[in-house]
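Presented below is the structure to which this report refers.
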């Protein structure tokens, strides 16, 4: 299928003085994400000495190297070798999905109009009931496509077309910690209070980023996430705060 | 064994941050680098105190920091021209001084450049987060409680042995960097550069840009000739130090130490590390030009700068 074609598109470009970026495709998909994840693992395994950081995202892998120990020619050649291994495995059968060492994480969400101000808007725009929106959001198993922009922010895809919604025209100055939100075909849980323009549909009481925990995040790129509805009492029992519920009035 | 003692923050100034070399290897959980914007000045401050080049120091932006020493030790201040006084007496930057318990150390406001580095013998003793003491305010991580210094903060450092206290060092005047209000940023064309037409690239590399009021440790927004790109954006991807983002208004943003880890705006290139430090010493209305260079040239610049730093000998002084 399309895997072979997308493999041919793998290219290595210069990003900066100490960074090369591998592009796997111009579009993201589960297969592309598998390649990103495999490449990340290989780079971390085989290039440990020369690597400062590796950043996986939707369809690319940024490789930052130590300019004191290596140069971009050596890094590029090494990456080419490692990528050959990926092309070989991807060219084969159904292998790639089996190679994914991903876990499934279930996150509880208190969906309600009280905790999700855009729930009714998404329902109205798409001719659904609020209950249907909640149901559809839970049906999907989401992939972590990228982590970043802010600590612990995981971009999850893809959201069912029936409940996808564009970003708010005017972003909020403050989105509460734990807000479960939708932007286009992506969904996410805000790991901390921050400005944001996503449509909020509920609140998750689980800490997405704990500075004192090892590891500080329970998900990584390639993992799967499922959401499960809980009621207000369960939300509070799991550590959810009422402050997060009343934020809307105070902003 | 050296006892922890330290400095009391009397006045924090505009923006004073605990910084070490920065936080690396944490982009996969969304944590950015932080670290000194002017790496060279930071390293000189540490070298003047006979520290490891990565020791924790204070980055003072704009100025106004005032400290009370609670110990006998050695300090050095390097970087932007700020008036340094110890007990009210004017002192030079780019050299180390012996200070005593009870001494007060103050920095005025920068007259050239933006950022100074204040190092202390042995470095400030700050508990690292994710392997680094670097403060990134936006992430609420590093430094003391994840934020900028505030009045009343106590900054621990090691007590210094008698021998170490005896000798001070100075960087010869002709070796000190100077701070101009106009800089050329040597830039490696990279990322989505092929999505900028050759005409747009010529425009970019031949225009003068002005630093807007929106400049900080995250990024420097520039104003000048708008650059058009034939795509609106890309799938979010990892952003390296110095990357030049061109949003839809065409005004370049150079991304610095506290940049977002991933982003989807098209990028035309990345500024060489030696020149990012120069940009980071500019403030609003500073002038910037970009000059395209090859990756090889960028590596040469880096290694030349490093070897110059290593070869430069500090003079002893009293």
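Chains as they are written, first to last, in our numbering: chain L, 1 to 251; chain C, 1 to 318.
Yeah, the Cβ is synthetic: ideal placement off N, Cα and C, and Gly gets one too.
In this text the structure is predicted, and so the values were computed from the model without any measurement.
- Sorting 46(L), 122(L), 141(L) by C-alpha distance to the C-alpha of residue 168(L) places 122(L) at the top.
- For residue 215(C), no Cβ of chain L is located within less than 7 Å of the residue's own Cβ.
- For the pair residue 159(L) and residue 185(L), the CB atoms are nearer than the 7 Å cut-off.
- Here residue 221(C) has 212, 214, 215, 251, 253 as same chain residues with Cβ atoms under 7 Å from its own Cβ, once five neighbours each way along the sequence are excluded.
- For residue 109(C), the secondary structure class from DSSP, reduced to helix, strand or coil, is strand.
- Closest option to residue 66(L), judged by alpha-carbon separation, among 187(L), 229(L), 16(L): 16(L).
- Short of 7 Å from the beta carbon of residue 86(C), and not among the five residues preceding or following it, lie these beta carbons of its own chain, in chain order: 97, 99, 103, 105.
- Restricting attention to beta strand (DSSP E) runs no shorter than 3 residues, the segment 224-297 of chain C encloses them at 243-245, 253-255, 267-271, 287-292, ordered along the chain.
- When secondary structure is reduced to three states using DSSP, residue 30(L) falls in the helix class.
- At a cut-off of 7 Å between beta-carbon atoms, residue 101(C) makes no contact with chain L.
- Residues of the segment 236-257 of chain C with a C-beta atom less than 8 Å from some C-beta of chain L are 236, 237, 238, 239, 240, 241, 242, 243, listed in chain order.
- Under the rule that a run must span 3 or more residues, the beta strand (DSSP E) segments found entirely inside the segment 10-54 of chain L read 11-16, 19-23.
- Here the segment 56-74 of chain L lies against the segment 15-30 of chain L, with 3 or more beta-carbon pairs under 8 Å apart.
- The Cβ of residue 222(L) sits no closer than 7 Å to any Cβ of chain C.
- Between residue 192(L) and residue 175(L), the C-beta gap is not smaller than 7 Å, which leaves the two residues out of contact.
- Residue pairing by DSSP places residue 125(C) opposite no residue, since no beta bridge is assigned to it.
- Within chain C, no residue has its beta carbon less than 7 Å from that of residue 120(L); the closest one is some 29 Å off.
- Measuring C-alpha to C-alpha distances from residue 122(C) to each of 257(C), 199(C), 48(C) identifies 48(C) as the nearest.
- Around the beta carbon of residue 317(C), fewer than 16 other beta carbons sit within 10 angstroms, so the residue counts as exposed.
- Annotated three-state conformation of residue 204(L) is coil, per DSSP.
- Look at the segment 20-34 of chain C: the residues with a C-beta under 7 Å from a C-beta of chain L are 24, 25, 27, 28, 29, 30, 31.
- In this structure, residue 86(L) sits near residue 38(L), with a CB-CB distance shorter than 7 Å.
- Judged by their CB atoms, residue 64(C) and residue 257(C) are not nearer to each other than the 7 Å cut-off.
- With a cut-off of 8 Å on Cβ pairs, the segment 133-153 of chain L is in contact with the segment 219-236 of chain L, counting three or more such pairs.
- In the three-state reduction of the DSSP assignment, residue 167(L) falls in the coil class, being assigned neither a helical nor a strand state.
- Segment contact: the segment 26-43 of chain C against the segment 274-284 of chain C, three or more CB-CB distances shorter than 8 Å; contact assigned.
- Close CB contacts of residue 83(C) within its chain, under the 6 Å cut and outside five residues either way in sequence, are with 108 (chain order).
- Taking residue 228(L) as the centre and dropping the five residues before and after it, the same chain places the C-beta of 106, 108 closer than 6 Å to its C-beta, in chain order.
- At a cut-off of 7 Å between C-beta atoms, residue 305(C) does not count as an interface residue with respect to chain L.
- For residue 191(C), at least one C-beta of chain L is nearer than 7 Å to its own C-beta.
- Residue 71(C) and residue 101(C) do touch by the CB rule: their CB atoms are close to 5 Å apart, below 8 Å.
- Listed along the chain, the chain L residues whose CB falls inside 8 Å of the CB of residue 299(C) are 17, 67, 71, 72.
- Residue 232(L) sits in a helix when the DSSP states are folded into three classes.
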